[in-house]
Every structure is written in C-alpha cells, then in structure tokens.
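Going down the list, the sequences are from chains A and B.
Using the numbering used here, the first residue of the first sequence is number 296, and each one after it goes up by one.
Using the numbering used here, the first residue of the second sequence is number 296, and each one after it goes up by one.
Positions of the beta carbon are idealized from the N, C-alpha and C atoms, including for glycine.
Keep in mind the model is a prediction, meaning the values are calculated, not measured.
Here's the structure we're looking at; comments come further down.
2 protein chains.
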Amino acid sequence: MDSFDMKIIEVLMDNSRIKWADLAAQIGLSAPAAAERVSRLQEQGIIKKFGALIDADLAGCELTAFVAVSLARPEHRGPFLQLMNSLAEIQECHHIAGEDDYLLKIRCRNTKDLDRVISHEIKGLEGIIRTKTTIVMDTAKETTRLPIHKGR
Amino acid sequence: MDSFDMKIIEVLMDNSRIKWADLAAQIGLSAPAAAERVSRLQEQGIIKKFGALIDADLAGCELTAFVAVSLARPEHRGPFLQLMNSLAEIQECHHIAGEDDYLLKIRCRNTKDLDRVISHEIKGLEGIIRTKTTIVMDTAKETTRLPIHKGR
DNA sequence: TGTGAAATAGTTCATTT
DNA sequence: AAATGAACTATTTCACA
C-alpha cells in the first residue's frame, strides 16, 4: 500500500460513489489507473465493501446500547457467536479482556425491543452467566473513518 | 419512507456503488425513478453518506479499545467533545447512562499508541476524573447494517 | 411520482510509453 | 505501472403520462 492507495482510501471512506475520473484527479492519476488500484484494494481485502451509512434514528433505530456478556464455559462460545451473527440488532460483538467475555453494540427500536433481544434472545441461550447493559443517551461522534497507517 | 425506499436502503447498505439501472431492476422501478429516490433519501438525511468500509487491521489499526470516561462537572463537556471530534482515533463517543459519563470506541495502531491517546490526549484535559479501558482481543462481528423499521 | 428516449458523461480495454 | 484514445455503458435530462 503506497501513498496513492492511502489517498484513494481517504477519499473513498467519505465518498464511495465518486467517479473514477474525479478520484483520479484528486490523487493525480488517470481514471483507468485509479480504477485498477481500487479493484486491487478490494481483492486484497483492505476495502471490505462499499456501503451506505444510514441515520439510525431516522431509520427507526432510536435505541443504542452496549451489553457486556459473561459466558459460563468456552464451549458456550459457538452457539453464542452463531446467535450474534444471526441477530440484525447486534451491530458489533467483541471478545474483550477483563471481567466480562463479550461486549455487544446493539441497535434497536426502543427499550421494549432491547428487552426482547437481551432477555429472550441472548439470555435464552445456555451458559449466559450475566449481562450488564449500558444505555446510550446521546451519540456525539460515530464514524467509520480510520486513521490510516502504512499497513502491511 | 415507503417500501421502495426501504428496499433501496437495504441494497445500498451492502453495495453503494451499484449502478442505478441495476438497483432499479432489483426494486422494480426505472433508473431515473431510483436515482431520484436516492437523492431524496440523502436530502432527508436518512442516507448520511456513501463510504468505503476499510479493514482496520490491514490498514494498520490493530488495536480496538472501549474507554469509559467520567467528567468532574458539566462545563468540562464542551472541551471534551471538541477533543473527541478532533481525534481520528476516536471512532465513537457516546453519552451513557450509569456510573460513567462517556463511552468511547478507539481504533489505533498498538498499545503504545493507545497510551498516547488516553494518557496524553484525553487525560491531558481538565476535568477528567477517571477512565476505564477495555481492550478488544477479537472482533467477531462488526457491521454498519441496521434493522430498518418504518422510520418517520 | 413514474416512464422512455435522446443527449451527455463515465468506464473499460487495447495499445503505447 | 501508467497514459491515451476509442468502443462500450451508464446516467441524466426532458417531454409526457
């Protein structure tokens, strides 16, 4: 990943529908050269996908919560992760260091909906020792941008 | 937001570089009609932006952490939020209910880099009572998809 | 709001440097 | 690896429903 690729990523993180000619002009390359670099970045997996970022509130997801989960034993992980992947409300699932095992980011309609996800879906599984829920009252910043480094 | 808009959002969340003609075919509309609906969704703020999703690890951000922050008094919020917005490493900043005031999602290069952000940048501010850091060891799921409801 | 056709604009590919 | 230009596609605009 050279400095052209870094510039391409910078631009595409903010505007993935840009025309190749315009992207090329911004980075100082011809359109075909820019287009080829973008496909290469996709093949390498550096660009995972191009997606629309939707306003959660306006799309009817007015509640955001973080839920820490503790599992009884390692063999409960498989079914737990399978459930996480199947639930649309689970936006993120991180295996964490510390007191608890997993930290989830959940987006749903309202508190009743959150109760369904936590009390029925998640706690319905075997091996869930406890959950600790943190309600988000306001989101001051939320971005998919990353500080891009030289990579590998 | 009618059912055409919901389908459009569904498709665009996964592939924002789709040709309008192909999007139109998927939802059963003509290309100009689809393109017009997309601009309307952007004007309404439902589509916030089109962006590339970058693999954090491959882009050199190998460390993810969640940091809970407590502020001494409400007047410390302004400078704190200003700092959050200025730091590229802060991907998310949520005002939360409970023991702490804010929950941050931080993406950076390594533990040394995290130390710089927390110990120097954040704790360098006045009014920071304490921070509690949770290191992410593995991310099992991370998506920008949302369960789309009827909206408003 | 939607459609279809014409005009405009962008992308891709073969070739050259 | 990248630029160029021609052939091929896609998008946008506009008249009309």
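Contact under 8 Å by Cβ, residue i with residue j
i                      : j                      : result
residue 308 of chain B : residue 445 of chain B : no
residue 420 of chain B : residue 361 of chain B : no
residue 436 of chain B : residue 387 of chain A : yes
residue 417 of chain B : residue 392 of chain A : no
residue 349 of chain A : residue 304 of chain B : yes
residue 342 of chain B : residue 347 of chain A : yes
residue 389 of chain B : residue 434 of chain A : yes
residue 354 of chain B : residue 441 of chain A : yes
residue 458 of chain A : residue 409 of chain A : Residue 458 of chain A lies beyond the residue range present for chain A, which begins at 296 and ends at 447; the question has no answer from this structure.
Min CB distance residue i to chain A below 8 Å
i                      : result
residue 423 of chain B : no
residue 351 of chain B : yes
residue 338 of chain B : no
residue 416 of chain B : no
residue 390 of chain B : yes
residue 344 of chain B : yes
residue 442 of chain B : yes
residue 365 of chain B : no
residue 370 of chain B : no
residue 386 of chain B : yes
residue 311 of chain B : yes
residue 304 of chain B : yes
residue 406 of chain B : no
residue 373 of chain B : no
residue 354 of chain B : yes
residue 402 of chain B : yes
Rounded Cβ spacing between residue i and residue j (contact assumed at less than 8 Å)
i                      : j                      : result
residue 402 of chain A : residue 356 of chain A : 4 Å
residue 311 of chain A : residue 312 of chain B : 6 Å
residue 366 of chain A : residue 424 of chain A : 7 Å
residue 299 of chain B : residue 335 of chain B : Not confirmed; about 11 Å, so no contact.
residue 322 of chain B : residue 302 of chain B : 5 Å
residue 439 of chain A : residue 426 of chain B : About 24 Å; that fails the 8 Å criterion.
residue 326 of chain A : residue 316 of chain A : 5 Å
Enclosing beta strand (DSSP E) for residue i [first to last residue]
i                      : result
residue 437 of chain A : 423-437
residue 346 of chain A : 342-349
residue 302 of chain B : Premise fails: residue 302 of chain B lies in the alpha helix (DSSP H), 298-309, not in any beta strand (DSSP E).
residue 365 of chain A : 358-366
residue 402 of chain B : 397-403
residue 443 of chain A : Premise fails: residue 443 of chain A is in no beta strand (DSSP E) and is neither H nor E.
Where the alpha helix (DSSP H) through residue i begins and ends
i                      : result
residue 334 of chain A : 326-338
residue 407 of chain B : 406-410
residue 322 of chain A : 315-322
residue 381 of chain A : 372-381
Contact with chain B by residue i, beta-carbon distance below 8 Å
i                      : result
residue 431 of chain A : yes
residue 299 of chain A : no
residue 331 of chain A : no
residue 411 of chain A : no
residue 426 of chain A : no
residue 341 of chain A : yes
residue 436 of chain A : yes
residue 328 of chain A : no
residue 319 of chain A : no
Per DSSP, the bridge partner or partners of residue i
i                      : result
residue 387 of chain A : A:400, B:437
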